[in-house]
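Residue numbers (my numbering): 14 to 285.
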């Protein structure tokens, strides 16, 4: 069964590509990632000062901005800005130039998701352990696995819009990260953080709607079973990000304001 799953029904155009040909490679990579960010890294940094990675982060975030912008623009130029249908687009498994280009773009997106794992590595080396949350690790690990599946079985078609939207969001997100390193005052801007989070929530909402379409559109030739993978993932992320947004940008300011009011009233009662 495993041979059939990984070698017979997989896309012959991508099955020999690095990290696609042998499933254990991507699983080993994720196992190494999880072991480092959850155990090895924290243990190594336990009695050490945080590394100053500002120069590395400027290069890394600049690369991410340009790489994600390239992927977004190419995806619009090749597919979604032209003849791709928004409500149902089958996968073209042929070897015509356009189909191959789209397949390569999906693989490039997968490569970017692997590179994204360095986000967590940098958090650990800078001792930003509060950033290494369940939400963060789940999102990064899940994206690598899902896009590996896309390259292996469905490198094109309806599901690629998720990558297009995500690439645009990442342009904004990594531009913010870049500015927060280059211009420290940006890092403390609640206004920017709030709107970046809103953009991420909007992203997951649209991805849920987009993948739900093929559940109800029974004549769509894009495999309906993919919704069983992409819908729960995006719904879960939508719930987690919304919960984070409510706690951070709605409840927390109210609690802080209440504390300030109570403190002010207390001071007046004490005659100070």
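All C-beta atoms, glycine included, are put in the ideal place defined by N, C-alpha and C. Being a predicted model, the structure only gives us computed values, none of them experimental.
Practice problem: Would you kindly check if the distance between the Cβ of residue 171 and the Cβ of residue 121 is under 8 Å? | Solution: Against a cut-off of 8 Å, the Cβ pair of residue 171 and residue 121 comes out as no contact.
Quiz item: By the 10 Å Cβ neighbour count, where 16 or more other Cβ atoms means buried, how is residue 201 classified, buried or exposed?
Solution: Answer is exposed; the Cβ neighbour count stays below 16.
Quiz item: Taking only runs of the beta strand (DSSP E) that begin and end inside the region 109-166, which ones reach a length of at least 3 residues, in chain order?
Solution: The beta strand (DSSP E) runs of length 3 or more contained entirely in the region 109-166 do not exist; there are none.
Quiz prompt | Touching by the beta-carbon criterion (3+ pairs, under 8 Å), the region 78-85 and the region 140-159 | solution = Judged by Cβ distances under 8 Å, the region 78-85 makes no contact with the region 140-159, as fewer than three pairs qualify.
Quiz prompt | residue 60 classed as buried or exposed, judged by whether at least 16 other C-beta atoms fall within 10 angstroms | solution = With fewer than 16 other Cβ atoms within 10 Å, it is exposed.
Practice problem: Tell me whether residue 169 sits in a helix, a strand or coil according to DSSP, three-state version. | Solution: Correct three-state label for residue 169: coil.
Self-check item: Inter-stretch contact (C-beta, 8 Å, three-pair minimum) for the region 86-101 and the region 193-210
Solution: Counting Cβ pairs under 8 Å, fewer than three are found: no touch.
Practice problem: Could you have a look at residue 61 and say whether DSSP puts it in helix, strand or coil? | Solution: Residue 61: coil per DSSP, three-state reduction.
Exercise. Please report the Cβ distance between residue 157 and residue 39, rounded to the nearest whole angstrom; I am assuming they are in contact, meaning their Cβ atoms lie under 8 Å.
Key: Confirmed, about 7 Å.
Quiz item: Using DSSP with H/G/I as helix, E/B as strand and the rest coil, what is residue 285?
Solution: Low local confidence applies: a pLDDT of 46 at residue 285 is under 50, so the model's placement there is unreliable, with the coordinate-based value given in what follows. Coil at residue 285, not helix or strand.
Exercise. Kindly list the residues whose CB is nearer than 8 Å to the CB of residue 185, restricted to its own chain and excluding five residues on each side of it in sequence; keep chain order.
Key: Taking C-beta separations shorter than 8 Å and ignoring five residues to either side along the sequence, the partners of residue 185 in its chain run 209 and 212, following chain order.
Quiz item: Straight-line CA distance for residue 232 to residue 83?
Solution: Going by C-alpha positions, residue 232 is about 33 Å away from residue 83.
Quiz item: In terms of residue numbering, what span does the alpha helix (DSSP H) encompassing residue 196 cover?
Solution: Per DSSP, residue 196 belongs to no alpha helix (DSSP H) and is neither H nor E.
Quiz item: With 16 as the cutoff for other CB atoms within 10 Å, does residue 45 come out buried or exposed?
Solution: Looking at its Cβ environment, which holds fewer than 16 other Cβ atoms inside 10 Å, residue 45 is exposed.
Exercise. Would you kindly report the start and end of the unbroken alpha helix (DSSP H) that includes residue 107?
Key: Neither: residue 107 is in no alpha helix (DSSP H) and is coded neither H nor E.
Exercise. Please state whether DSSP places residue 23 in a helix, a strand or coil.
Key: Residue state for residue 23 is assigned as coil, using DSSP reduced to three classes.
Quiz item: Are the beta-carbon atoms of residue 131 and residue 144 separated by less than 8 Å?
Solution: No.
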